[in-house]
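Asks:
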Amino acid sequence: MLGLFAVVAFLVVWTAMSFVATEPATVSFIKGHSPGAPVHLVAQTDGAVGTGAHPTWVSYQVETPQSRKWVHTTLWQLPANTRIDVTIYQFDSGSPLRNQQWGRVTGTIGNSATITGTTFQVVNSYQHTVGHTFTVPTLGINVPLRGVDTSKKGFCTSGPCNPKTQLHHTVTFSFKTPKLPGNYRFQCFIPCGAGHYAGNGGPMQTLGYMGGFLEVQA
Ligand SMILES: [Cu+2]
26 MLGLFAVVAF
36 LVVWTAMSFV
46 ATEPATVSFI
56 KGHSPGAPVH
66 LVAQTDGAVG
76 TGAHPTWVSY
86 QVETPQSRKW
96 VHTTLWQLPA
106 NTRIDVTIYQ
116 FDSGSPLRNQ
126 QWGRVTGTIG
136 NSATITGTTF
146 QVVNSYQHTV
156 GHTFTVPTLG
166 INVPLRGVDT
176 SKKGFCTSGP
186 CNPKTQLHHT
196 VTFSFKTPKL
206 PGNYRFQCFI
216 PCGAGHYAGN
226 GGPMQTLGYM
236 GGFLEVQA
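Numbering (the numbering used here), first residue to last: 26 to 243.
(1) Cβ-heavy atom distance between residue 83 and ligand 1 below 7 Å?
(2) Give me the residue from 60, 89, 193 and 62 with the minimum Cα distance to residue 50.
(3) With three or more C-beta pairs closer than 8 Å as the rule, is the segment 152-168 touching the segment 184-191?
(4) Smallest Cα separation from residue 144: which of 182, 198 and 116?
(5) Ligand 1 heavy atoms versus the CB of residue 58: any closer than 7 Å?
(6) Cα-Cα, which of 195, 31 and 94 is closest to residue 111?
(7) Can you tell me the Cβ-Cβ gap for residue 226 and residue 217, rounded? I've got them flagged as a contact below 8 Å.
(8) Does the segment 64-72 come into contact with the segment 175-186, if we say contact requires no fewer than three beta-carbon pairs (one atom in each stretch) closer than 8 Å?
(9) Just to confirm the assignment, what range does the beta strand (DSSP E) spanning residue 94 have?
(10) Would you say the beta carbon of residue 194 is closer than 7 Å to some non-hydrogen atom of ligand 1?
(11) The beta strand (DSSP E) spanning residue 80 covers which residue range?
(12) Is residue 213 near ligand 1, judged by its Cβ being under 7 Å from some heavy atom?
(13) Quick check on residue 203: does DSSP put it in helix, strand or coil?
(14) Give the straight-line distance between the Cα atoms of residue 138 and residue 30, rounded to the nearest whole angstrom.
(15) With hydrogens ignored, establish whether the beta-carbon of residue 97 is closer than 7 Å to any heavy atom of ligand 1.
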């Protein structure tokens, strides 16, 4: 009886630890941040992340604010009630939208974003493909990230991709973090998990790839 209990206890602890051990790292934009100053957050979206347990999976990577290194994680710690200036280098190909609603820019400052310096409020997906969306449902934020044309030179096949040399769209936008601290879920609404059920499995459901949290702290 005691032996059985030990086995069960071991399995419970082992399962819990394996979850803890596989949680992606957190990149903090709070350390060294002076209150009130805007935060600059730089991320990229790759067709294949090139690192970790699933190097072929589609993913975000984020740049550390001080050392400017690419980190494969979607846990981003941000100060509350602060303007966040976001730059996303979008290296992946795309597809037409299943729902044109996801082509709208919402919830950002000015309800707009820029692509290669040009302001836009909507992506017409009859004209352009969309690779991913940066969407924070509880904050009403949605930014469509246009797909690159894979027939052009310099398509990045494995991350981290280099914005200086490889084909991408540079998308920028700003938003304000809420006053209320908490973990705000963000995700992609393009079924971009190719090879997984309906495109919505695998990286679409795994922390660190196409979904994550804005960890807003006071
Ligand atoms: Cu996606």
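In this text, a Cβ means the ideal position worked out from N, Cα and C, and glycines have one as well. All figures in this text were calculated on a predicted structure; none of them were measured in a lab.
Replies: Inspection of the coordinates gives the following:
(1) yes
(2) 89
(3) no
(4) 198
(5) no
(6) 195
(7) About 11 Å separates the two Cβ atoms, so there is no contact after all.
(8) yes
(9) Neither: residue 94 is in no beta strand (DSSP E) and is coded neither H nor E.
(10) no
(11) Counting along the chain, residue 80 falls outside any beta strand (DSSP E), and DSSP gives it neither H nor E.
(12) yes
(13) coil
(14) 57 Å
(15) no
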